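Take a look at the structure set out below.
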Amino acid sequence: AELRRATRRANRNARKLFARAIELDPGYAAAYAWLGRAHYEMATDGWTEFPADTLEQAETFAQKALAADSSSVEGLRTLARIHSIKFQMDRALSEIDQAITINPSDAEALADRGLILLWSGKPAAAVAAFEPAFVFDPNLRADYVSAHGLAYYELRRHRDAIRVLERGAARYPDYVVIRAVLVAAYGQLGETAEAKRNADAVRRLLPIFDPAVF
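Sequence positions in the sequence shown follow my numbering and run 3 to 216.
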């Protein structure tokens with residue numbers, strides 16, 4: 003629940019809880035996997051000064067999850083995320099497809115497949131993965147919402163992007179990436195007032211936000 007809130011503080015709270023779960027049960031694969039996921043999001047959402055080191059920690063925890071349980075869907079998902087951010091796309095797709103084979107109705111595995119396809123430059127295939135994922139779980143976390151919207155944006159389906167992202171912004175008002183993609187989508191449609199509203203929200207939420215880096 004804390005991790006789903008997608009804020010710096012909630013991420014820190016989630017990491018403490020996952021670490022406590024491991025203290026109580028050192029063989030609990032899911033706790034290692036989710037601790038890895040929390041570190042992954044810490045690195046990719048700008049909540050650490052040392053993203054490369056944090057990403058390595060995330061991979062270590064994911065590997066520990068799979069050592070404890072080779073069929074850990076959460077562990078495979080986390081590894082796939084990490085390898086995709088390292089641009090090891092074939093490896094990431096192989097891992098996420100293993101997760102989907104284990105549980106074909108796992109919404110997050112389908113959504114992670116969408117993410118990997120998006121970063122592989124295949125937005126249409128990404129949308130095809132995201133759509134059933136959100137049917138299985140309409141309340142997927144904020145990073146999936148932003149990626150779903152970005153896939154539509156890359157297809158120049160800006161109204162669809164805005165529809166997805168505005169719904170996500172209502173659920174996750176403090177998640178900067180959703181707002182940033184909304185700025186771009188509204189800007190493409192020439193709706194400058196809405197673009198400015200979201201740009202102001204981005205600056206308020208994350209004053210150090212750099213559009214060029216983003």
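Glycine included, each C-beta is placed from N, C-alpha and C at the ideal position. Owing to the predicted nature of the structure, the values given are computational and were not obtained by experimental measurement.
> For Y174, does the three-state DSSP call read helix, strand or coil?
Replying inline: By 1-based counting over the sequence shown, the position of residue 174 is 172. Of the three classes helix, strand and coil, the one that applies to Y174 here is coil, per DSSP.
> If you drop the 5 nearest sequence neighbours on each side, which residues of the same chain put their C-beta closer than 6 Å to that of A153?
Replying inline: As a position in the sequence shown, residue 153 is number 151, starting the count at 1. L120, P125, A128 and V129, listed in sequence order.
> Pick from A149, E51 and A31: whose alpha carbon is nearest that of L68?
Replying inline: The count along the sequence shown starts at 1 and reaches residue 68 at position 66. Comparing Cα-Cα distances from L68 to each of A149, E51 and A31, the minimum goes to A31.
>> Considering only the alpha carbon of each residue, which of S122, K18 and K88 lies closest to E58?
In response: Walking along the sequence shown from the start, residue 58 turns up at place 56. The option with the nearest alpha carbon to E58 is K88.
>> Tell me which residues share the same chain as A16 and place their Cβ nearer than 6 Å to its Cβ, disregarding the 5 neighbours each side in the sequence.
In response: Indexing the sequence shown from 1 puts residue 16 at position 14. E4, L5 and A40, listed in sequence order.
>> Let's see if you can read the secondary structure: which residues bound the alpha helix (DSSP H) around D114?
In response: Looking up residue 114 in the sequence shown gives position 112. Where D114 is concerned, the enclosing alpha helix (DSSP H) stretches over A109 to W121.
> Is the beta carbon of A45 sitting closer than 8 Å to the one on T80?
Replying inline: Counted from its first residue, the sequence shown places residue 45 at position 43. Counted from its first residue, the sequence shown places residue 80 at position 78. Not in contact: A45 and T80 (Cβ atoms no closer than 8 Å).
> Is it buried or exposed for R181, if we count other Cβ within 10 angstroms and need 16 for buried?
Replying inline: Taking the first residue of the sequence shown as 1, we reach residue 181 at position 179. Per the 10 Å Cβ criterion, buried.
> Going by alpha carbons, who is nearest to D114 out of T103, I104 and A94?
Replying inline: Walking along the sequence shown from the start, residue 114 turns up at place 112. Nearest option by C-alpha distance: A94.
>> I need the straight-line Cα distance from V91 to R169, nearest angstrom please.
In response: Translated into positions along the sequence shown, residue 91 becomes position 89. Translated into positions along the sequence shown, residue 169 becomes position 167. The sequence shown places Met at residue 91, not Val. Rounded to the nearest angstrom, the two C-alpha atoms are 29 Å apart.
>> Using a Cβ-Cβ cutoff of less than 8 Å, which residues in the same chain neighbour I24 once the five nearest sequence positions on both sides are dropped?
In response: Here residue 24 is taken as the residue at index 22 of the sequence shown, counted from 1. Y30, A33, Y34 and L37, listed in sequence order.
> alpha helix (DSSP H) containing L57: first to last residue?
Replying inline: To locate residue 57, count along the sequence shown from 1; it is residue 55. Residues P53 to A70.
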